[in-house]
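Here the structure comes first, spelled out in structure tokens, and everything after it is commentary.
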Amino acid sequence: MATSLEDDIEPNNQDYYSLLNIRREATLEELKASYRRLCMLYHPDKHRDPELKEQAEQLFNQVQQAFTVLSDEHSRAIYDLFGKKGLEVEGWEVVERKRTPAEIREEYDRLQREREDRRLQQRTNPKGTISVGVDATDLFDRYDDDDFEEVPSSGFPHIEINKMHISQSIEAPLTNSDTAVLSGSLSTHNGSGGGSINMTVRRVTSAKGWGEVELGAGDVLGPLVGLKMFRNVTQRCWMTAQCALQFSPRGLRPSCSLMTARHLDNNTMGYLQWRWGLNSAMTTSLVRDTKSTHLTLALQLSVPHSYLMVSYQYKFQDEDQTRVKGSLKTGWFGTVVEYGAERKISRHSVLSATVSVGVPQGVTLKIKLSRASQTYLFPVHLTDQLLPSAVFYATVGPLLFYLAVHRLVIIPFTQKQKEQELELQRINSATDIAKKKQEAESAVLLMQESVKRIIDAEESKMGLIILNAWYGKFVSEISQKQEKAKVADVTVPLQCLVKDSKLILTEASKAGLPGFYDPCVGEEKSLKLLYQFRGVMHQVICADTESLRIPKQSHRIEASVSP
């Protein structure tokens, strides 16, 4: 999805592999060994102080959660691909467990799309369209003959709204398989108008099909009863059938339609539609949609509305999802050429402008604004004739207006939004760092007794003693005046990981280790250690995602005979 909505899952950078200090390729036995060791360290029953007991429970639960996920092959595969947010997506419980990583990724994308669709529907209901037609023909088709001298004139072109259409719909799930849709519309054109209201109930009968019943009423066409059905015939082909009865003032008007569609390849669809009733027709179309282009070919045979239509759209691969499009439509009614462009102007809004030039329709400028599922249309009819001046102004005018608004309004607005988001991220980051620091300090308190026993055992055999350890962003002496180092003391947590005079850290980020926290989110970090082994001082600096094994002869900085 190109435009994504605000993600309501809070970002959590905790790495289960780092928390358990195991490799991503760790076996179940290695996982269990690390889990048992951390359980012994954080088990709440080992701490009598109420405050320490509560802190131990939190850390113990984190370790248990990490073990639960990584010990299950299906959950671990999802976590390896998408992290914690992947596990929080609804629908995994109904997915076959024995799947390859590629199949899991495809399933995740599907569940994410369904989730985004549900969220979009919840946020943007009711769905609707507002169309306002503007008659601006007086700009180009003014009457200058002497026969109209008696008509009073103000000297300004007369522009009026000559038609308007409003339609809204609300969709409400009744059960897991039943959905009700209530829709209505109002229209007016040159002083006369009408309205209608419709009620539709849809039932999903199986994974391959659904059916719906429609009841409607209006002050122009009269009551309506309709039935529609959808069915997947094969994996690449589906059909819809629809029939209706319209109780109009002129009598009963039955109608029906049948449409079949088939995937010709991964990017191409073929459609065949037959309609019988007031506007009987046979239509066939071919639609090819790729990452950068969209092509439509359509042919309709009908009396009196037969036509041939070709439409092409090019999609630019930019952040604003810019598209340019053009179409040619010719039939018994005449010929119409359309061209235009479309661009995303905000996270949920898309603006498009299309110029329609036809015989005998004239020149019309169509402006469209889509805001989530709300659509606003403004067709401006400029002239009934083919005037080059009308085509020029319909093309250049909206372009210049958009460039001015984009530079003076949209760019400052989006920059302000980004600044506010960055400021909010900084505040949230500072809050998160403070919270993680407090959790790390609590973990260090829980480690004190274990660290004393480990140090006593290591000193008795002249083993590995961590003298100083710092984690974070270090600065050189030259840049100390410009910025400060952002580091955390991790001496105790690393000493607690020493076993049999060895310390082994995996390539996972060190920020997830027990007793660690990230003091500089989003910046490059490293780990600096000063340790003693067999009476000899050693020092090492390693990158955040670099594996480390100590002691090592190459880390030696000086010889000392002191025990």
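According to my numbering, the stretch in the sequence shown is residues 1 to 563, in order.
Built from N, CA and C at the ideal position, the CB exists for glycine as well.
The structure displayed is predicted, hence computed values, not measured ones.
ask   = Mapping DSSP to helix, strand and coil, what is residue 190?
value = Reduced to three states, the DSSP call for residue 190 is coil.
ask   = Going by other Cβ atoms of all chains shown within 10 Å of its Cβ, with 16 needed for buried, is residue 426 buried or exposed?
value = exposed
key: Within 8 Å, strictly: CB atoms of residue 134 and residue 161   = yes
ask   = How would you label residue 516, buried or exposed, when you count the other beta carbons within 10 angstroms and need 16 or more for buried?
value = By the neighbour-count rule (16 or more Cβ atoms within 10 Å), residue 516 is buried.
ask   = Going by Cα to Cα distance, which pick from 506, 192, 346, 211 is closest to residue 240?
value = 211
query = DSSP on residue 176, reduced to helix/strand/coil?
reply = In this structure, residue 176 counts as coil in the three-state DSSP scheme.
ask   = From residue 300 to residue 339, what does the alpha carbon distance come to, in whole angstroms?
value = Approximately 21 Å, taken between the alpha carbons.
request  = Taking 8 Å as the cut-off, decide whether the C-beta atoms of residue 342 and residue 356 are in contact.
outcome  = no
request  = Output the distance between the C-alpha atoms of residue 224 and residue 213, rounded to the nearest integer angstrom.
outcome  = Just so you know, the alpha carbons of residue 224 and residue 213 end up roughly 11 Å apart.
key: Residues bridged to residue 224 (per DSSP)   = Under DSSP, residue 224 shares a beta bridge with 216, 246.
ask   = Taking the alpha carbon of residue 128 as the point to measure from, which residue in 273, 303, 373 has its own alpha carbon closest?
value = Among 273, 303, 373, the Cα nearest to that of residue 128 belongs to 373.
ask   = Which of helix, strand or coil does DSSP assign to residue 283?
value = strand
request  = Check each candidate in 136, 394, 363 and name the one with the smallest Cα separation from residue 385.
outcome  = 363
ask   = Is DSSP giving residue 523 helix, strand or coil here?
value = Correct three-state label for residue 523: coil.
task = Check each candidate in 545, 440, 498, 444 and name the one with the smallest Cα separation from residue 458.
result = 498
query = Going straight from the alpha carbon of residue 281 to that of residue 259, what length do you get?
reply = So the alpha carbons of these two residues sit roughly 12 Å apart.
task = Name the one or two DSSP bridge partners that residue 413 has.
result = Residue 413 is not bridged to any residue.
message = Which residue wins for smallest C-alpha separation from residue 576, given the options 250, 275, 158, 137?
response = Past the edges of the chain, shown from 1 to 563, lies residue 576, and the structure says nothing about it.
query = Between residue 208 and residue 72, what straight-line distance do the alpha-carbon atoms span, to the nearest angstrom?
reply = Distance from the CA of residue 208 to the CA of residue 72, rounded to the nearest whole angstrom, comes to 32 Å.
task = Can you grab the Cα-Cα spacing for the pair residue 173 / residue 179, in whole Å?
result = 4 Å
ask   = From residue 309 to residue 377, what distance separates their C-alpha atoms?
value = 22 Å
query = Do the stretch 24 to 42 and the stretch 517 to 524 meet, that is, are 3 or more Cβ pairs less than 8 Å apart?
reply = no
query = Is residue 261 helix, strand or coil by DSSP?
reply = strand
inquiry  = Given a cut-off of 8 Å on the beta-carbon distance, is the pair residue 511 and residue 526 in contact?
reply    = no
message = Between which two residues does the alpha helix (DSSP H) holding residue 389 run?
response = Start and end: 388 to 405.
request  = Inspect the beta-carbon positions of residue 270 and residue 286 and report whether they are closer than 8 Å.
outcome  = Residue 270 is a Cβ neighbour of residue 286, given a cutoff of 8 Å.
inquiry  = So within the stretch 494 to 548, which uninterrupted alpha helix (DSSP H) runs reach at least 4 residues, ignoring any that extend past its ends?
reply    = Counting only runs of 4 or more, we get nothing.
task = Let me know if residue 334 comes out buried or exposed under the rule of 16 or more other beta-carbons within 10 Å of its beta-carbon.
result = exposed
inquiry  = From the DSSP secondary-structure annotation, give me the bridge partner or partners of residue 203.
reply    = Bridge partners of residue 203: 178, 211.
message = Could you compute how far the alpha carbon of residue 549 sits from the alpha carbon of residue 514?
response = 18 Å
query = With residue 138 and residue 170 assumed to form a contact (beta carbons below 8 Å), what rounded beta-carbon distance in angstroms separates them?
reply = That belief does not hold up - the Cβ atoms of residue 138 and residue 170 are roughly 39 Å apart, past 8 Å.
Inter-residue spacing [alpha-carbon to alpha-carbon] between residue 177 and residue 360 = Their backbone Cα atoms lie some 48 Å apart in a straight line.
request  = Return the chain-ordered list of same chain residues with a C-beta closer than 7 Å to the C-beta of residue 306, the five sequence neighbours on each side being excluded.
outcome  = 300, 331, 332
ask   = Whose C-beta lies closer than 6 Å to the C-beta of residue 164 among residues of the same chain, with five residues either side of it excluded?
value = Answer for residue 164: 132, 188, listed in chain order.
message = Threshold first: 3 residues or longer. Then list the beta strand (DSSP E) segments lying entirely within the stretch 286 to 373, N to C.
response = 293 to 302, 307 to 315, 323 to 331, 334 to 344, 349 to 359, 362 to 371
inquiry  = For residue 314 and residue 323, which I take to be in contact (beta-carbon distance under 8 Å), what is that distance rounded to the nearest angstrom?
reply    = 7 Å
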